[in-house]
Amino acid sequence: MGLNESGLFPVKDALEMVLIFDGAGEISYANDAAEKELEYDGDLCGSNICDVFPNEFRLEEGSLVEECPIGYEVQNLVAYRKNFTCFPVKARIIRSETHPGMYVCMADDTVEKEYLSREIIQAKQEAQEAQKVKTEFVANVTHELRTPVNGVLGNVRELMGEEKDPRKSKFLWTISRCCEDMNKIIDNILDFSKLEAGKFTLEPRKFNTREMLDYVKANHASKITEKGLEFFMTVSPQVPEYIIGDELRIEQILNNLLSNALKFTAAGKVSLEVLKTAQVKDKIELFFIVVDSGIGIDKGEKDKLFESFSQVDASISRKYGGTGLGLNICKQLVELMGGRVGVESEKGKGSAFSFSVWVESCEENTSSSQTDALKKAVYTSASLTALAGDGQENLKQYGTEENQEALKRNLSKLILCVEMENWEKAEMFMETIRQLAEGAPREVGRILLRLKMAVQKENYDKVAASYEELKAFL
Ligand code: ADP
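Structure (structure tokens):
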């Protein structure tokens with residue numbers, strides 16, 4: 001903002017009109033808004049205030065006579081333009097304290113203001129309406145998609161039960177997996193649009209905590225075995241057996257965190273720990289932490305993780321798939337349950353995703369105030385290495401005992417997949433082997449490259465040859 005010539009007011013660019021005039025009504029300062037609204041061409045200074053407000057001021061023997069209240073805000077004054085047309089304004093006229101005999105007038109075009117605020121309200125309503133239509137459309141489309149997907153899935157499962165030819169069975173299995181994946185995406189989009197529209201409601205009911213956790217663990221058992229990972233689950237004795245909370249949604253968050261942990265971990269371990277970290281009467285805070293020894297996340301990317309449609313980079317979505325909605329849904333669900341999400345991660349070392357939720361305890365003795373708060377504090381400030389455990393470093397370092405063991409394990413799994421002609425899975429083990437062999441001697445690198453090409457080209461003989469060569473090295 002600029003200052004006027006007398007340095008009195010920083011009002012040059014103000015949106016309201018500002019006029020300064022003397023006891024004879026002569027205008028000595030007019031800001032840009034006043035020039036524009038009153039349609040003068042830079043010649044408002046030098047004109048008389050009686051020309052602008054003829055109903056409020058008049059001249060008597062060269063002196064200004066006030067016909068309107070001074071010092072108060074007055075509605076519906078009439079301001080005249082240079083061309084004698086007029087418009088209503090809201091104005092406040094004051095006598096200058098620092099410059100005796102001078103007046104300052106600040107005025108606003110009420111019609112334009114009302115018009116603008118009406119426009120803003122209308123634009124806001126239109127935006128809300130459009131958002132509602134979009135949300136309903138997304139909800140309807142995804143809902144409609146679910147019927148045909150489930151139709152395909154049901155029929156494919158029927159066929160799978162009858163099919164004897166292993167080749168055809170494999171195709172059917174792939175179709176059913178694709179349908180399941182599509183259902184997961186549909187569910188995510190539905191949840192996301194409901195959460196965005198504020199239409200999401202929790203459904204708390206009594207459930208057995210350990211049974212829920214066992215069920216979650218069982219959900220991921222095949223993936224854990226398939227990838228040859230270690231899995232640990234620890235539940236603090238402070239966690240009550242029965243609680244009242246939204247079981248399905250807690251399960252959903254855990255499933256999402258665990259499937260991410262398994263997706264992004266090629267070798268090593270994944271763990272889940274559950275603690276009771278606070279209690280207020282019969283309400284308790286449960287704290288869940290999922291730690292993995294996977295690819296980890298760059299420091300700079302961590303903040304974006306919980307935003308919708310956020311994936312660390314395009315190569316991640318190409319390689320691992322996903323919609324980037326899972327963590328955002330988790331965050332929104334956790335916040336609905338009065339908790340918070342957190343993440344600690346180091347590129348190449350692994351990640352620790354945690355969240356807390358408030359639930360009701362069904363335990364008889366609800367007065368028990370014993371909690372694992374200290375452990376939570378340690379976890380939230382601990383370094384990832386401490387969380388993931390020491391063995392992980394050795395595992396990733398080429399040549400160590402753990403590393404060579406893991407390499408051998410993954411090589412035999414790769415060979416098994418190749419023998420069963422499951423090339424897709426073989427490629428997955430190939431990737432793990434590549435990661436485990438980072439830092440290996442050049443000769444090993446060359447053999448690995450040949451092995452990778454052979455897997456990609458689905459050439460059994462070449463895979464077998466490279467495998468033998470590699471075995472000799474390990
Ligand atoms: P998506 O369905 O794409 O996995 P998420 O919201 O669950 O969506 O995850 C978003 C992104 O966060 C992932 O694409 C990945 O880049 C990163 N991410 C999530 N969990 C992990 C993890 N355990 N290790 C490494 N990166 C992760």
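Note that the working numbering numbers the sequence shown so that position 342 is 342, with each residue one more than the last. We put the CB at the ideal spot given by N, CA and C, even for glycine.
(message) I'd like to check one pair, A377 with V291: are the Cβ atoms closer than 8 Å?
(response) no
(message) Given this structure, state the Cα-to-Cα distance separating V280 from Q370, to the nearest angstrom.
(response) 11 Å
(request) Inspect the beta-carbon positions of E393 and I243 and report whether they are closer than 8 Å. (result) No, these two residues do not count as a Cβ contact at 8 Å.
(message) Suppose you measure from the CA of A197 to the CA of Q122; what does that come to, to the nearest Å?
(response) 20 Å
(request) Flag this pair as touching only if the segment 62 to 73 and the segment 91 to 107 have three or more C-beta atom pairs under 8 Å; answer yes or no. (result) In short, these stretches touch, since the Cβ pair count reaches three.
(request) Would you be able to state if there are at least three C-beta pairs under 8 Å between the segment 231 to 239 and the segment 264 to 272? (result) yes
(request) Verify the contact flag: F264, CB atom, against every heavy atom of ligand 1, threshold strictly below 7 Å. (result) yes
(message) Taking 7 Å as the limit between beta carbons, can you name the residues of its chain near V89, skipping five residues before and five after?
(response) L77, A79, A107, D108, D109, T110
(request) Determine the direct distance from the alpha carbon of L333 to that of S367, and round the result to whole angstroms. (result) The pLDDT assigned to S367 is 48, lower than 50, so where the model puts this residue is not dependable, and the model offers no usable value.
(request) Report the residue from G338, A472, G342 whose alpha carbon sits nearest the alpha carbon of F306. (result) Of the listed residues, the one whose Cα sits closest to F306 is G342.
(request) Just grab the DSSP bridge partners of N48 for me. (result) Paired residues: E26.
(message) Comparing C-alpha positions only, which one of P240, L229, I49, M430 sits nearest to E211?
(response) P240
(message) ligand 1 and A254: does any heavy atom of the ligand fall closer than 7 Å to the residue's C-beta?
(response) Checking the sequence, you will find Leu at residue 254 rather than Ala. No - ligand 1 has no heavy atom lying nearer than 7 Å to the Cβ of L254.
(request) Would you please state the rounded distance, in angstroms, between the beta carbons of L257 and K223? I believe it to be under 8 Å. (result) That belief does not hold up - the Cβ atoms of L257 and K223 are roughly 13 Å apart, past 8 Å.
(message) So, with DSSP's three-state summary, where would you put E39?
(response) Under the three-state reduction of DSSP, E39 is assigned to coil, being neither helix nor strand.
(request) Using alpha carbons as the reference points, say which of N260, G268, S354 lies closest to E285. (result) S354
(message) For a test of your reading of the model: does the CB of D298 fall under 7 Å from any non-hydrogen atom of ligand 1? Yes or no.
(response) D298: no, Cβ never under 7 Å from ligand 1.
(request) Please name the residue, chosen from L213, Q252, I175, V156, that lies closest to L202 on a Cα-to-Cα basis. (result) Q252
(message) Quick check: the Cα distance between Y115 and E60, rounded to an integer number of angstroms?
(response) 38 Å
(request) Sort K347, Y460, G161, G62 by Cα distance to I415 and report the nearest one. (result) If you compare the alpha carbons of K347, Y460, G161, G62 with that of I415, the shortest gap goes to Y460.
(request) Decide if the segment 129 to 148 is in contact with the segment 160 to 179; the criterion is three or more beta carbon pairs, one per stretch, under 8 Å apart. (result) no
(request) Report all residues from its chain with a CB closer than 7 Å to the CB of D32; omit the five preceding and five following residues, and keep chain order. (result) K12, D13
(request) Could you name the residues of the same chain whose beta carbon sits closer than 6 Å to that of D298, not counting the 5 residues immediately before and after it, in chain order? (result) K347
(message) Shorter than 7 Å, the distance from the beta carbon of D292 to the closest heavy atom of ligand 1, or not?
(response) yes
(request) Tell me whether G326 counts as near ligand 1, meaning its Cβ is closer than 7 Å to at least one heavy atom of that ligand. (result) yes
(request) Taking 8 Å as the cut-off, decide whether the C-beta atoms of T277 and F287 are in contact. (result) yes
(message) Nearest by alpha-carbon distance to H99: which of E424, T147, L38, F21 is it?
(response) F21
(request) Take R340 as the anchor and find which of K349, T380, N255, G350 has the nearest alpha-carbon. (result) T380
(request) Could you tell me the distance, in whole angstroms, from the CA atom of E421 to the CA atom of R409? (result) 18 Å
(message) With DSSP as the reference, identify every bridge partner of A465, one or two as the case may be.
(response) A465 pairs with nothing; no bridge assigned.
(request) Could you tell me which uninterrupted alpha helix (DSSP H) segments, each at least 4 residues in length, are contained entirely in the segment 387 to 470, listed from first to last along the chain? (result) Within the segment 387 to 470, the alpha helix (DSSP H) runs of at least 4 residues that lie entirely inside it are, in chain order, 391 to 396, 401 to 419, 423 to 436, 442 to 456.
(request) Pick helix, strand or coil for D15, following the three-state DSSP scheme. (result) Residue identity check: residue 15 is Leu in the sequence provided, not Asp. Coil, per DSSP.
(request) Would you mind giving the Cβ-Cβ distance between I329 and F192, rounded to the nearest angstrom? I have them listed as a contact below 8 Å. (result) 6 Å
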